Structures are given as C-alpha cells and as structure tokens.
C-alpha cells in the first residue's frame, strides 16, 4: 500500500468514527471539509517515511500516529483561520471551515479533530500498550504543554514574541512529533530523531514565510501577506529573500545529515531532499536545491 | 485525603505541566482562570464517589480520571461561553475566559485543556495499560464521536434540535463518563454504571434549565434566561416549573435505584441524594427532596 493510500484511508476511518450515525449533519460535514481533500500531508508523510526507514515493524501503529499528527494539524488550521485569529477565508484553495460553516462549527470541528487524534490510538492499546502510550505522550507534548502548537499560537497574543520559541512551538513541534512518532511506531528509540524533525520544521517555516511574501493567494491556496498584515515576525523579512533561501538550504542539509543510523537511511535522506521541494514556489525551489 | 483535596491537587498538577516554564504568560493565566477556582466539581466528585463505592483499588487512576473529566468540562465551558456561541460574559461569578483574556486565548485555552485531559493519563500507562486505555476510550466517546459533548453543542447549529439527543450528548455524556470511569478506575466493569450517569446527567440538565428560568445572574454566577434568549429548548419551559421539578425528583429516584451492587452501595446512594441538592436554588431543592 502506498503512503498516500495509508494516510488517506486511516484518516477516513478516523472520521467515520467521529461522524457515525447520530452525529449532527453540519458538524459531520465540517469535519469532512476540514480534512478532505488534504494539502500536501507533509507531516504524516514524514512520519511514515521515518517509520519505513526504521523497518516499519508495526505499520498499523505508524498509520495511527501519522493520522493523529495530521488531525492535530488540521485542527490547528481550522482554529487558526477563525475570525479572532487570522480571519482567513481561504484554505487549500477553498473556503475555510468557518467561512463555509460559521465560527461555532469551526470551533467545534477543531475540538472534535483533537479528540479524534487521540481516538485513533484506541484500537492499538491492548496489543502494544507501551508503544501506544509513548505515542500519546509525543502528541500531547507536540500540541499542548508549555511548548506545543497551542503555545505557538498563544505567542501571537503576547506583546514580545521570541522568534525562536514561537516558530519552534508553532511549526517545529509537530514536525518533531512526526519524526519521533515514526521511529517510536517502528519500535525504535524516538529521541535521536528529534533533531531531524526540528530542522525540517524550521525549514518549512522559512519556506512558509517566503511564500507569504512572494506568492499570490491563488497559487498559495490561502491568503498571503498575512505576516505583515497581522504584524507577525517573518524570516524572509528578517533575513531578506536571498538570506532566507540560503538558510532554508542550510537547514535541509543539516536535516539530511542528522538522520540517525537505520536500515533505510539512504532512502530517507533522498526522500527528505525531494519532499522539501514543494515547500517553495518552483523558481525558488530551484534556487534552494 | 478528602475528595476536594484529591480533585484540586490533581488539577493543579495537570496545569503545572501545561503551564510549565516556556509557556506564554497569558495562555498560562487563561488556563488557571478557566480551572480555578472551580464550580461545584459535580462530575469529578461523582467519578470519585463511584470509585470509592467500588473499592477505589487504584486511587491515583481514579484521580486522573476525575481530573480528566473536569478538564474536558472546563474546556467545553470556555468554548461555549465564546461570543460565537453563548456570548456569556460571566462564569462562576467572574468574567468568562474570553472576557478576561480575549477570544483567541479562550479558543487556545479550551484546546489546551482538552490536551491536558489526555495528558493526565500519561503517568499511568506503564503500570496499568489496559485500564488506562479503557479510560481514554471513555473520555473520547464522552466528548468526541457522534454523541459526545461536542456533538451536543453542534446540535445548536442545526435547524431541528432533537431534545433527547441534544441533552444526552451535551450533558449526559460527561456524567456517564464520570460513573463509567469511576468504576473502571476501581477495576470494575464500567457498562453497568452507565444508567446512573445518564439519569444524573438528565437530572442536572433539568435543574440547569429550571435555574435558567427562575434565578438571577448573581445567584447563578452566569447569565440567566439564556435558553429563551438563544432560542434553545428548555425542559422547564416544556414541562412547566412544577412538572420539571417532579421529573427531576423521578430521575434522582431512578438514579439511586440504578446503582449496581458494590461494596459501598448504600453510602453512594446517600451521596447521590445529598449531592444533587445544590443543583437547584434552596426553595426548589426542598420541593424536589
């Protein structure tokens, strides 16, 4: 089964549970809208790529971890797009959830996606309790706690935003969860995989900052110039466009180097190099290569 | 250790993790505000009362379950009070979270409380994986899925609201989780305890509907006449005040009768009868007794 199919079918199964008979129709529709069709599924792909590089001993647990990460990511997008945050009407080239269904259902859909991200592990507790428990802790740390995605969003409400803490929490934490969880799902110690996730998260954030400046909304599928409009730090502003592309290139190099020894190390390194390309518009991707 | 102390200290420990060093200051303050000082802590008290009646074999797991339920309840209150839902400025006699910290932090605080509700189980997976896994499933079903608290809130966005499904999801599901989890934490089969939770949840909802009609905001500590203002079904409207009090009395009787055989059955039955009193203003509580 290929990676896309693994990811989409696990997400479909998760949503089938959340939206089963008895679910209010609009909530069910909002959940579907929030998750399908997806974007590049960068984080669950990374999770599965690491699991496969480590031998993919328990593919069904790797699938659950990948789906959990994507559900948490989708939840953060739905809430981040709300009028009280970014007020973004466009997501993945379509109306954002609150635009299509209203703010109440967008708040509830985000909440339900978070619950679903934990529920995907339920079938695996009995057979692999220790591993599943560790995955659960990885997810909690990546989203909650003092340094997860939620804290990252919350930095936007402070007067002083510490750029590194902000980006590491808002973007890096879920990329780190992807590499940690991929290794853990394959039965490997997760910690050695943190650096890879963090470097890729930082690279992705810089690419996102570059796109926010150079793209138009149609190409991006979401509003652009958000950072300057909302007064938020932007790496491409801080480093200049050429500086940001250089930094991105350096981070991808460090990411590739950081891959721990594992059966599929070479293949994973190649995957990282190619999968990072769609982070950027084509002409910039050539520059960064 | 008494029940209050067990609940408050477990909640404090959970928040200490979420708001540890590195957490943005306003998010940390919003989380504290959302959880402390608490209301009557009805649901975690019920959870611990059931655990104690069943022998309280693993008190630390019962504490985690009780805290998880209260954190999920607090999360639902924070999101439910938002301007896009009830737009309630008052909660527990103080400004609601969005009133004190703004809507962005209220959305994020609710999200973080949901994560924290799962994180409380992390220390218990290793020693009691099966039990903890079952508790996790109980929480997911109570909040997410097709019939949990989130679905209950989502019914308010539909044109037709099926009253029973609405109340069972919005209120009953978390009361049922309290009794199921209390039994499970004590090592007993949870399902026989569902009816008790459902009856108490329905009783609590009716009491809440009565209070919404007969109280003033100062006595209630939150806005009153919300149901009629927001066009939502209210049992005391539907049944009349006397009819609603009778129904409440009947439900509490059924709840007491439904308590499964267990070492502390008599004490638990007495607890249910007395703990239901604060549901209502004093003069009505006498009527319902």
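Protein chains in written order, with my numbering: chain P, 19 to 307; chain L, 19 to 307. Beta carbons: idealized from backbone N, C-alpha and C, even for Gly. Just so we're clear, the structure is a prediction, and the values are computed from it rather than from any experiment.
- In this structure, residue 69 of chain L sits near residue 204 of chain L, with a CB-CB distance shorter than 8 Å.
- In this structure the segment 91-108 of chain P does not touch the segment 224-234 of chain P; the number of beta carbon pairs closer than 8 Å is below three.
- Pairing residue 46 of chain L with residue 293 of chain P, the inter-Cα distance amounts to about 36 Å.
- If you ignore the 5 residues before and after residue 100 of chain P, its C-beta comes within less than 8 Å of the C-beta of 116, 121, 124 and 125, all in its own chain and listed in chain order.
- Taking a beta-carbon distance threshold of 8 Å, residue 126 of chain L counts as an interface residue toward chain P.
- Secondary-structure assignment with DSSP links residue 61 of chain L through no beta bridge to anything.
- Contact between residue 201 of chain P and residue 211 of chain P holds, since their C-beta atoms are separated by about 4 Å, short of 8 Å.
- Following the DSSP letters along the chain, one finds residue 182 of chain L inside the alpha helix (DSSP H) bounded by residues 181-185.
- No Cβ of chain P is located within less than 8 Å of the beta carbon of residue 181 of chain L.
- Against residue 162 of chain P, the close residues of chain L are 36, 130, 133, 134 and 137, in the order they occur along the chain (beta-carbon pairs closer than 7 Å).
- Interface with chain P (8 Å Cβ-Cβ cutoff): residue 279 of chain L is excluded.
- The C-beta distance from residue 222 of chain P to residue 60 of chain P rounds to 7 Å, short enough to fall under 8 Å.
- For residue 230 of chain L, the enclosing alpha helix (DSSP H) has its first and last residue at 212-232.
- Counting C-beta atoms within 10 angstroms of its own C-beta, residue 128 of chain L has 16 or more neighbours from the protein chains shown and is therefore classed as buried.
- Under the Cβ criterion of 8 Å, residue 189 of chain L is not counted among the residues facing chain P.
- Rounded to the nearest whole angstrom, the C-alpha separation of residue 271 of chain L and residue 277 of chain L is 11 Å.
- The shortest C-alpha to C-alpha distance from residue 171 of chain P to any of P:155, P:87 and P:190 is the one to P:190.
- Collapsing the DSSP output to three states places residue 109 of chain L in a strand.
- Taking 7 Å as the Cβ-Cβ cut-off, the segment 199-233 of chain P has no residue approaching chain L.
- At least one CB of chain L lies nearer than 8 Å to the CB of residue 168 of chain P.
- Within the segment 63-79 of chain L, no residue has its Cβ closer than 7 Å to any Cβ of chain P.
- Between residue 33 of chain L and residue 49 of chain L the beta-carbon gap is near 6 Å, inside 8 Å, which marks them as a contact.
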